[in-house]
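Down below is the structure, laid out as C-alpha cells.
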Amino acid sequence: MFKKMNKRGQNLLLKYIFDIIFVIAVGLILLFFTMGITKKENFQKQIVTKQMILLLDSAEPETSIILQHYNMTINKIENNIEAKTKLPFSYDFFSPYNLEFISNNGKTTMQIFEKQQ
Amino acid sequence: MKIKTKNKKAQLGHGILWIYRIILLILVSLVYVLIIYNMFYFKCDIRSAETVLLAKKTTNCLTNNGILDVKNFDNAMLKNCFSFNKDQLNEYYISAKLSYNDFSDKIKVGNAELEVLCGLKGKSPECISQSYYILAKNNTELKNAKLDLSISILKVEENYMNI
Chain A
1 MFKKMNKRGQ
11 NLLLKYIFDI
21 IFVIAVGLIL
31 LFFTMGITKK
41 ENFQKQIVTK
51 QMILLLDSAE
61 PETSIILQHY
71 NMTINKIENN
81 IEAKTKLPFS
91 YDFFSPYNLE
101 FISNNGKTTM
111 QIFEKQQ
Chain B
1 MKIKTKNKKA
11 QLGHGILWIY
21 RIILLILVSL
31 VYVLIIYNMF
41 YFKCDIRSAE
51 TVLLAKKTTN
61 CLTNNGILDV
71 KNFDNAMLKN
81 CFSFNKDQLN
91 EYYISAKLSY
101 NDFSDKIKVG
111 NAELEVLCGL
121 KGKSPECISQ
131 SYYILAKNNT
141 ELKNAKLDLS
151 ISILKVEENY
161 MNI
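Sequences listed follow chains A and B, in order. Using the numbering used here, the first residue of the first sequence is number 1, and each one after it goes up by one. Using the numbering used here, the first residue of the second sequence is number 1, and each one after it goes up by one.
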C-alpha cells in the first residue's frame, strides 16, 4: 500500500504544486489583461461592417437588405459604413447606386436604388 | 556563526529543480505568445472579393448586353460607373483596355501607382486581371473585341487587424 510521506517529501510536493499554481496564475493574469484590451467587440464590428459592404457592393438596384446586429450603432457617412461601440470602425463601398440607410434598435435596413440621371 | 554548506547531491537536485522551473515557464510563455499572436494578427481581408465584384461592376457598366459603344469609351465613362470620392481614388485603380483589329485604347481611373505595387510581398495592394470577349460597336459596325481589365485595391489598414 501507499507509504506515508515524510515531512521533507511533503515540503517538496508543496513546492512543486506552488510552482505550477504560480505559473498558471501569471499566465492567466496576462491572458485576461490582453483580452481586456483586445475585446470581442472589435472583431464583431469589423466582421459586421465588412459583411454589409460586400452585400452592398454586390447588390443590384431595387434590393433591400435587412441586418440584425447587437451592441453597436451603424451609420452611413458619405461612402463609408461605420460600426461604433466605443471606438468606430469604418469601411468604404464603391457601389454606384443610391443608398437609403435606416438603422435603429440593432436592426439596419439598406435599400438600393438606381441612380437618377 | 557556522554556515552549513550543501553537499553535491543536494546542489544537483537544486539545479534540476531550477531547470524544471525554467522549462515550465518557457512552455507557459510559448502557449501565451501563440494565443496572443492569433488574437493580434487576426486578418479579415475582403479585398479579393472586392476586386471580383469591382471587375463585374465595371464590365456591366461599360457594356450593354455584351456590346460596348466605342464612341463613349473614355475615362469619364469609367469614372461615372462608380461614386468614388477623393480619398477613395487613392485606394483604387481600375484600367480597361479595349482592343480589336489594329485598334487599341486604354481608359483608367484611380491611383495608377497601385498597379506597380501588385505582387509585392507584405502589405501590398490586392490585384486582379480579367479578360472578356465582347462586341465593339463602331458607328453601326459590330466587331469582335477583347476587354482587358486590371483592378487594384489598396485599403491595407482596414484589412489588417490593428487593435
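Ideal placement from N, C-alpha and C gives every residue a C-beta, glycine not left out.
Asked	Found
Do Y93(B) and E126(B) have their beta-carbon atoms positioned less than 8 Å apart in this structure?	no
Step through the CB atoms of chain A and report whether any lies within less than 8 Å of the CB of N85(B).	yes
Report the three-state DSSP secondary structure of L135(B) (helix, strand or coil).	strand
Going along chain B, which residues have a C-beta under 9 Å from Q68(A)?	Those within 9 Å of Q68(A) in chain B number zero; the least Cβ separation is about 20 Å.
Could you pull out every residue in the same chain whose Cβ sits closer than 7 Å to the Cβ of N101(B), ignoring the five residues on either side in sequence?	K143
With distance defined between alpha-carbon atoms, name the residue in D57(A), K115(A), L31(A), I102(A) nearest to Y91(A).	D57(A)
Cβ of N90(B) within 8 Å of Cβ of N79(A)?	no
Per DSSP, what are the beta-bridge partners of Y16(A) in this structure?	According to DSSP, which records beta bridges pairwise, Y16(A) is partnered with nothing at all.
Should S152(B) go down as buried or exposed, given a rule of 16 or more other Cβ atoms within 10 Å for buried?	buried
Of the residues E114(A), S103(A), M72(A), which one's Cα is nearest the Cα of K45(A)?	M72(A)
Should the segment 57-68 of chain A be called in touch with the segment 97-115 of chain A, which here means at least 3 C-beta pairs below 8 Å?	yes
Helix, strand or coil for C127(B), going by three-state DSSP, please let me know.	strand
Where K76(A) and I66(A) are concerned, what is the direct C-alpha to C-alpha distance, given to the nearest angstrom?	15 Å
Which term fits I163(B), buried or exposed, when burial requires 16 or more other beta carbons within 10 angstroms of its beta carbon?	Residue placement at I163(B) is flagged as unreliable, the pLDDT there being 49, under the threshold of 50; the coordinate-derived value follows with that caveat. So I163(B) counts as exposed.
Find the residues of chain A that neighbour F73(B), judging by a C-beta separation of less than 7 Å, and give them in chain order.	Within chain A, no residue comes near F73(B); the closest Cβ sits about 18 Å away, beyond 7 Å.
Could you check how far apart the C-beta atoms of L78(B) and A136(B) are, in whole angstroms? I think they sit under 8 Å.	Not quite, the Cβ-Cβ distance comes to about 16 Å (not below 8 Å), so this is no contact.
Counting only beta-carbon atoms, is C81(B) nearer than 8 Å to chain A?	yes
Just grab the DSSP bridge partners of S150(B) for me.	S95(B), S129(B)
Give a yes or no on whether the C-beta atoms belonging to A49(B) and L31(A) are separated by under 8 Å.	no
On a Cα-Cα basis, can you pick out the residue from G122(B), N75(B), S129(B), K121(B) that is closest to V52(B)?	S129(B)
Name, in chain order, the residues that DSSP records as bridge partners for A145(B).	I134(B)
Taking C-beta pairs closer than 7 Å, name the residues in chain A that Y160(B) reaches, listed in chain order.	The contacting residues do not exist; Y160(B) stays about 11 Å from chain A at best.
Taking C-beta to C-beta, are P82(B) and L98(B) nearer than 8 Å?	According to the sequence displayed, residue 82(B) carries Phe and not Pro. No, the pair does not count as a contact, with Cβ atoms beyond the cut-off.
Under 7 Å between beta-carbons, which chain A residues line up against C44(B)? List them in chain order, please.	Q46, I47, K50
Going by other Cβ atoms of all chains shown within 10 Å of its Cβ, with 16 needed for buried, is L120(B) buried or exposed?	exposed
Based on the DSSP output, what are the partners of E82(A) in its beta bridges?	N75(A), S90(A)
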